[in-house]
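Student: Can you keep this structure in mind? I'll have questions shortly.
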Amino acid sequence: MKQINFHIILIIFLCSISANAQLDSIQHLPEVMLTDSKLVHFSKGFKLEKLDDSIVGNNASSLTETLQYNSTIYFKENGYGMVSSPSFRGTNAAQTAVIWNGININSVFTGQTDFNIISPLNYDEISIRSGGGGVQYGSGAVGGSIHLNNTFSFKKIDTTELGLRFGSFATLGGSVSTTHTWGNHYLNVGVDFISSDNDYDYVGKNQKNNHGEFLRFSAKINEARKLENGVATWNSEYIYNDRNFSGSLNTVGKDAYIDIATRNLWQIQQKLGAFQTKIAAAHLFEQFRYFPDSEESFYDEGSANTFVSYLQAEVFLLKKLRVNGKLEYNYITAEGTNVGKNDRKTLATVLLLNHRVSKNFSYGLNLRKEFLNDFENPWLFSADAKWKISPRYGIRLNGSKNYRVPTFNDLYWYAGGNLELQPETSYQGEFGQEFSFGNFNVDVAAYYIFSEDLIKWIPGNGGHWQPVNIQKTTNYGLEAVVGYFMKLSKDQTLDFNANYSYRQAEDLEKKKQLIYVPFHKASGMLQYNYKKVAVYAQGLFNGKAYTTTDNSDSVAGYTVFNFGAEYKLPFEPNITFGGRLKNIFNTYYENVAFRPMPSRNFEIFLNFKI
Amino acid sequence: MMNKILFVIMTALLFISCSNDDDTPQEYIPAAFEKGILITNEGPFGNGSGNITFISEDYSTVTQNIYRTVNGTQLGNIVQSMGFQDANAYIVVNNSNKIMVANRYSFEAVDSIKTGINNPRYFIGVDGNKGYITNWGDPNDTNDDFIAVLDLRDNTVSSTIPVSFGPERMVSYNSKIYVAHQGGFGQNNVISVISGNTLESTITVSDVPNSMVVSGNSLFVLCGGNPNYTGNETAGSLVEINLSNNEILNTYTFGTVEHPSNLTMDGNNLFYSLDGKVYSLNITSISLPGNNIIDGFFYTMEAKDGMLYATDADDFASRGSLIIYDLSTNQQVQDFQTGIVPGGIYFNE
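Protein chains in written order, with the working numbering: chain A, 3 to 612; chain W, 85 to 433.
The structure is reproduced here in structure tokens:
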């Protein structure tokens with residue numbers, strides 16, 4: 003069996019596809035600016051991958067799909083479009099931080115982000131930072147963090163992009179985004195939606211995915227204004243999701259969720275002498291309504307307002323030493339049917355340092371200390387180094403201490419919430435190697451994570467469940483990313499990308515692999531371009547994952563393939579049309595046990611760029 | 085590995101017994117699960133299927149997942165409980181909203197009931213062809229709870245009886261059904277008395293009646309009391325009801341923060357669990373809390389013929405176990421692996 007798995011992996015590794023621009027290939031055109039620049043400046047010894055626009059476009063249905071096919075992150079998706087939670091390097095769902103323009107947006111209630119309620123088309127740049135980012139991004143950045151960034155620029159831009167999508171199961175999608183600059187202004191406004199009946203067949207089961215309808219709508223405004231010695235920016239988004247929840251092979255779906263989120267961030271950057279300063283204020287609003295029966299009007303709800311403000315000063319000494327100090331104050335107030343009304347205040351101080359010793363060697367040291375929290379306020383640190391030994395070979399090294407604070411559900415849930423909870427703590431180290439042979443790039447990383455005081459809900463006295471800091475785990479694994487670009491002739495090129503990862507995540511008490519953490523995952527993409535035509539095949543392999551804590555039961559591994567093609571009309575305005583056939587072999591597969599994923603289906607699209 | 089071998093052997097035995105049936109019909113072949121202990125395992129919540137574990141009377145064989153082994157299909161999500169009438173087992177599959185009917189000795193599927201029930205919890209059979217199923221309906225709605233009356237000749241729901249919210253376990257006495265209303269997602273404090281197709285009366289007991297036994301002319305009801313998180317914590321109690329007039333004879337009260345459960349009986353002794361301890365009480369001279377005879381957190385317990393059968397659901401996300409204690413010594417004599425969340429213990433004899 004192991005051999006079979008190995009061969010499957012090898013096959014995928016060799017013949018399929020994935021796609022990410024790697025590491026140092028993050029090339030920021032000088033005129034395009036990031037709202038969260040410390041991501042680049044203080045992550046030198048970390049693995050940082052930026053997803054190309056074309057890659058996002060190929061998997062645009064949800065952020066789950068985008069990342070599933072283009073990263074080593076494993077997703078536990080409760081049926082297509084349903085609740086989807088990540089496991090980054092084998093860590094739990096609340097240990098992946100989602101960072102929107104530098105602000106942590108994981109839910110106040112669950113501590114995690116549902117990756118199916120985020121549209122990947124709402125951002126200019128999606129990056130994946132592997133490894134602990136607790137110092138910079140706070141609670142939850144343990145396995146890694148996903149960065150959703152909007153950029154801005156003051157060069158002349160006057161474009162409008164319009165996309166229309168249509169697919170199986172009455173899936174309809176559309177997006178418009180328009181960007182203009184004039185004088186000292188930058189303005190980007192856009193909307194995006196997708197709706198689907200999602201009533202796919204359970205292959206070979208003579209059953210349908212009833213009650214899986216979903217609708218997602220997002221809108222964004224991003225504005226920037228040049229000031230005398232700096233810039234003022236405003237980023238804003240609104241997200242609305244209305245979903246019915248699918249049943250499983252054994253149950254009939256009845257419940258539904260409506261999620262609403264708004265996010266606003268105002269920043270002023272000013273150059274004061276040698277210092278680059280930033281003052282920022284943000285407001286995040288999240289609301290969920292859970293309907294046990296979608297036909298009834300009864301619901302449970304929760305809503306939270308998070309206010310973030312920070313002051314940051316950065317100095318770049320002798321073109322070698324970059325130092326960044328930050329003082330951040332957070333105030334969260336949340337209210338819900340099951341958690342009552344509660345608030346939390348946090349004051350955090352952050353010191354980041356990056357020293358470029360030479361052109362080929364740099365290292366960083368980062369520290370964070372929090373105050374005001376009701377629980378123990380940990381010291382967090384990280385250290386990293388990057389050494390480019392030769393033009394073809396570089397190594398990186400990093401180590402960090404990270405944490406995750408208890409969520410409002412953990413603390414205040416009625417019944418069971420435990421006010422005695424302490425943060426989860428983890429220590430980790432990573433060693434990475436980067437090889438580059440012309441158009442052939444390989445990145446191999448090995449990591450180790452030890453976590454303690456992990457919060458787990460366990461049945462307590464009197465039969466009700468309570469969260470306690472009980473679990474200890476160790477995770478270790480290997481990740482390989484391969485990218486290859488080949489020019490076949492004047493008009494023909496070939497692009498190949500693949501990811502493979504092996505992870506072991508063990509509960510130290512039970513000596514068993516954690517549930518829903520597959521040992522193996524691989525994905526890849528092979529794309530052939532001829533003039534204005536692109537054809538690609540894409541594959542995903544998720545290995546077997548255990549579903550019980552004693553590893554007595556598992557959900558089988560699976561491999562799915564997609565095939566796509568697109569054609570760009572050779573004149574202005576720029577029109578691209580194409581299509582994609584998903585799950586071409588009509589494979590039956592489950593991501594979560596007893597919750598089948600879609601049968602073979604198609605999607606066609608038409609994009610205008612004016 | 086052991087389980088795999090057992091599974092193969094059991095499957096082989098089934099085939100052998102089947103072919104033998106055809107060849108020599110006169111010879112008596114015992115059904116596969118004729119004598120022994122049956123455990124219903126709820127299974128993982130939300131996904132997956134519950135199942136049934138069989139342990140032979142002499143403890144020599146353990147067979148997991150017997151319904152699927154025999155029938156090739158899963159029972160469904162959350163196997164809540166099982167009841168019996170004559171040769172049939174009525175397996176209540178809560179989240180899949182169905183009752184699977186199988187022969188209790190061979191576990192060959194006989195029938196299924198999928199209409200007329202809503203969030204079913206427990207089954208009890210009486211008078212040969214009548215059965216009752218407690219139903220929560222929507223657990224957030226306290227006004228839609230009911231008892232479904234089954235005609236066991238064709239396994240259809242013949243009528244429904246609206247009742248107070250959260251009907252759970254049932255016992256029968258003199259053809260009447262006594263239903264404990266534990267209270268679903270909330271708390272309740274009544275016992276419904278059902279006769280035929282009508283709700284004859286209700287008896288108000290203490291909060292959260294969770295388990296019952298009949299001894300002679302008395303019905304003992306163990307009430308857990310409201311838990312602390314309700315903000316209105318009440319003491320657990322043991323209520324004795326005179327079955328000839330349905331009046332309360334005695335109420336024995338626990339401490340305010342004590343919430344007992346799992347009342348079971350063997351001979352003249354009652355057993356229950358409280359705060360990680362099992363206590364015994366002599367029916368003729370009840371004085372709480374009684375003797376602490378065994379330590380351990382158990383998900384469910386049944387006392388029978390000098391033995392105490394208790395299940396441990398561990399973390400509710402891995403296989404549980406059945407532990408058997410000898411009540412003459414209060415020592416563990418056996419333990420067996422079960423399925424996930426072993427919630428019901430039954431006997432074929």
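Where is the CB? At the ideal position from N, CA and C, for every residue including glycine.
Given the structure is predicted, the values throughout are model-derived calculations rather than measurements.
Any beta carbon of chain W sitting closer than 9 Å to that of residue 112 of chain A?
Tutor: Numbered from 1 along the first sequence, position 110 holds the residue referred to as residue 112 of chain A. By this cut-off, residue 112 of chain A is not an interface position.
Student: How far does the alpha helix (DSSP H) with residue 43 of chain A in it extend, from its first residue to its last?
Tutor: Taking the first residue of the first sequence as position 1, residue 43 of chain A is located at position 41. First-last of the alpha helix (DSSP H) with residue 43 of chain A: 40-43.
Student: Return the residue from the list A:95, A:49 and A:609 that minimises the CA-CA distance to residue 571 of chain A.
Tutor: Mapped onto the first sequence, residue 571 of chain A falls at position 569. Nearest C-alpha to residue 571 of chain A: A:609.
Student: Which of the three DSSP states, helix, strand or coil, is assigned to residue 253 of chain W?
Tutor: Against the second sequence, residue 253 of chain W aligns to sequence position 169. Of the three classes helix, strand and coil, the one that applies to residue 253 of chain W here is strand, per DSSP.
Student: Is the number of C-beta pairs between the segment 254-264 of chain W and the segment 233-240 of chain W that are closer than 8 Å three or more?
Tutor: no
Student: Please report the distance separating the alpha-carbon of residue 117 of chain A from that of residue 152 of chain W.
Tutor: What you label residue 117 of chain A is simply residue 115 of the first sequence in a count that begins at 1. What you label residue 152 of chain W is simply residue 68 of the second sequence in a count that begins at 1. C-alpha of residue 117 of chain A to C-alpha of residue 152 of chain W: approximately 36 Å in a straight line.
Student: In terms of DSSP beta bridges, what is residue 265 of chain W paired with?
Tutor: Along the second sequence, read from residue 1 onward, the residue named residue 265 of chain W stands at position 181. According to DSSP, which records beta bridges pairwise, residue 265 of chain W is partnered with W:251 and W:274.
Student: Give me the chain W residues within the contact set of residue 257 of chain A, using Cβ-Cβ distance strictly less than 7 Å, ordered along the chain.
Tutor: Here residue 257 of chain A refers to the residue found at position 255 of the first sequence. Ordered by position in chain W, no residue passes the 7 Å Cβ test against residue 257 of chain A, which lies about 11 Å from the chain.
Student: Nearest-angstrom Cα distance between residue 74 of chain A and residue 385 of chain W?
Tutor: As a first step, residue 74 of chain A must be located in the first sequence, where it is residue number 72. As a first step, residue 385 of chain W must be located in the second sequence, where it is residue number 301. When the Cα atoms are used, residue 74 of chain A and residue 385 of chain W turn out to be separated by approximately 46 Å.
Student: Just to confirm my understanding: we take residue 137 of chain A, look at its own chain, exclude 5 residues before and 5 after, and list those with CB closer than 6 Å. What are they?
Tutor: Indexing the first sequence from 1 puts residue 137 of chain A at position 135. For residue 137 of chain A, where only same-chain residues beyond five positions count, the Cβ hits under 6 Å are 368, 370, 382 and 384.
Student: Distance, Cα to Cα, residue 379 of chain A vs residue 372 of chain A?
Tutor: As a position in the first sequence, residue 379 of chain A is number 377, starting the count at 1. As a position in the first sequence, residue 372 of chain A is number 370, starting the count at 1. Those two C-alpha atoms are separated by around 6 Å.
Student: Which same chain residues, not among the five before or five after residue 362 of chain A, have their C-beta less than 7 Å away from its C-beta?
Tutor: Within the first sequence, residue 362 of chain A is the residue found at index 360, counting from 1. Excluding sequence neighbours, residue 362 of chain A sits near 389 and 390.
Student: May I ask you to list the residues that DSSP assigns as paired with residue 391 of chain W?
Tutor: Here residue 391 of chain W corresponds to residue number 307 of the second sequence, with the count starting at 1. Residue 391 of chain W pairs with W:388 and W:410.
Student: Along the chain, which unbroken stretches of the alpha helix (DSSP H) at least 4 residues long are found entirely within the segment 53-116 of chain A?
Tutor: You should have 55-60 and 65-72.
Student: With distances taken from CA atoms, which of A:552, A:306, A:341 and A:170 is nearest residue 509 of chain A?
Tutor: Locating residue 509 of chain A in the first sequence gives position 507, counting from the first residue. Among A:552, A:306, A:341 and A:170, the Cα nearest to that of residue 509 of chain A belongs to A:552.
Student: Measuring CA to CA, which of A:319, A:158 and A:285 is closest to residue 278 of chain A?
Tutor: The residue you call residue 278 of chain A lines up with position 276 of the first sequence. With distances taken between Cα atoms, residue 278 of chain A lies closest to A:319.
Student: By alpha-carbon positions, which one of A:600, A:611 and A:612 ends up nearest to residue 67 of chain A?
Tutor: One-based indexing of the first sequence puts residue 67 of chain A at position 65. Closest by alpha carbon: A:600.
Student: What does residue 551 of chain A reach in chain W if we use C-beta pairs closer than 7 Å?
Tutor: Here residue 551 of chain A refers to the residue found at position 549 of the first sequence. Ordered by position in chain W, the residues that pass the 7 Å Cβ test against residue 551 of chain A are 399, 401 and 402.
Student: My output table needs one value for residue 25 of chain A: the three-state DSSP class, helix, strand or coil.
Tutor: For the purposes of this step, residue 25 of chain A is identified with residue 23 of the first sequence, where counting begins at 1. With a pLDDT of 32 at residue 25 of chain A, under the threshold of 50, the predicted position of this residue should be treated as unreliable, though the coordinate-derived value follows. Residue 25 of chain A falls in the helix class under three-state DSSP.
Student: If we ignore side chains and look at the alpha-carbon of each, how far apart do residue 273 of chain A and residue 588 of chain A end up?
Tutor: Position 271 of the first sequence, counted from the first residue, corresponds to residue 273 of chain A. Position 586 of the first sequence, counted from the first residue, corresponds to residue 588 of chain A. Rounded to whole angstroms, residue 273 of chain A to residue 588 of chain A spans 57 Å at the Cα level.
Student: Which one or two residues does DSSP pair with residue 418 of chain A in a beta bridge?
Tutor: Taking the first residue of the first sequence as position 1, residue 418 of chain A is located at position 416. The partner list for residue 418 of chain A (beta bridge, DSSP) is empty, contrary to what the question assumes.
Student: Under a three-way DSSP split, which group does residue 518 of chain A fall into?
Tutor: The residue labelled residue 518 of chain A in the question sits at position 516 within the first sequence. Correct three-state label for residue 518 of chain A: coil.
Student: Check each candidate in W:207, W:160, W:427 and W:222 and name the one with the smallest Cα separation from residue 232 of chain W.
Tutor: Numbered from its first residue, the second sequence carries residue 232 of chain W at position 148. Closest option to residue 232 of chain W, Cα to Cα, is W:207.
Student: Who are residue 604 of chain A's beta bridge partners in DSSP?
Tutor: Against the first sequence, residue 604 of chain A aligns to sequence position 602. In the DSSP output, where bridge partners are listed per residue, residue 604 of chain A has A:583.
Student: Would you give the residue range spanned by the beta strand (DSSP E) that residue 504 of chain A belongs to?
Tutor: Stepping through the first sequence from its first residue, residue 504 of chain A is reached at position 502. Counting along the chain, the beta strand (DSSP E) containing residue 504 of chain A begins and ends at 494-509.
Student: Does residue 461 of chain A come within less than 9 Å of chain W when only Cβ atoms are used?
Tutor: As a working mapping, residue 461 of chain A is identified with position 459 in the first sequence. Answer yes: the Cβ-Cβ gap between residue 461 of chain A and chain W drops below 9 Å somewhere.
Student: Evaluate contact between the segment 225-239 of chain A and the segment 140-160 of chain A, counting only Cβ atoms and requiring at least three cross-stretch pairs below 8 Å.
Tutor: yes
Student: From the beta carbon of residue 594 of chain A, is the nearest beta carbon of chain W less than 9 Å away?
Tutor: The residue labelled residue 594 of chain A in the question sits at position 592 within the first sequence. Interface residue, yes.
Student: At a CB-CB cut-off below 7 Å, which residues of chain A make contact with residue 160 of chain W?
Tutor: The residue given as residue 160 of chain W occupies position 76 in the second sequence. Per Cβ cutoff of 7 Å: 252.
Student: Could you list which residues in chain A have their beta carbon closer than 7 Å to that of residue 489 of chain W, in chain order?
Tutor: Outside the displayed range of chain W (85 to 433) lies residue 489 of chain W, so it cannot be described from this structure.
Student: Taking the straight line between their C-alpha atoms, what separation do you get for residue 458 of chain A and residue 400 of chain W?
Tutor: Taking the first sequence and counting its residues from 1, one reaches residue 458 of chain A at position 456. Taking the second sequence and counting its residues from 1, one reaches residue 400 of chain W at position 316. Their Cα atoms are separated by approximately 12 Å.
Student: Assuming residue 204 of chain A contacts residue 257 of chain A under a Cβ cut-off of 8 Å, what Cβ separation, rounded to an integer in Å, is found between them?
Tutor: Taking the first sequence and counting its residues from 1, the one referred to as residue 204 of chain A is at position 202. Taking the first sequence and counting its residues from 1, the one referred to as residue 257 of chain A is at position 255. About 19 Å; that fails the 8 Å criterion.
Student: Express the C-alpha separation of residue 69 of chain A and residue 613 of chain A in angstroms, rounding to a whole number.
Tutor: The structure shown does not extend to residue 613 of chain A, since chain A is modelled only from 3 to 612, so the question has no answer here.
Student: Would a check of beta-carbon distances place residue 416 of chain A closer than 9 Å to chain W?
Tutor: Numbered from its first residue, the first sequence carries residue 416 of chain A at position 414. Yes, its Cβ sits closer than 9 Å to a Cβ of chain W.
Student: Measuring CB to CB, does residue 245 of chain W end up less than 9 Å from residue 199 of chain W?
Tutor: Counting from 1 along the second sequence, the entry for residue 245 of chain W is found at position 161. Counting from 1 along the second sequence, the entry for residue 199 of chain W is found at position 115. No, these two residues do not count as a Cβ contact at 9 Å.
Student: Apply the 10 Å Cβ neighbour rule to residue 49 of chain A and answer buried if 16 or more other Cβ atoms are within range, or exposed otherwise.
Tutor: Stepping through the first sequence from its first residue, residue 49 of chain A is reached at position 47. Residue 49 of chain A is buried by the Cβ-count criterion.
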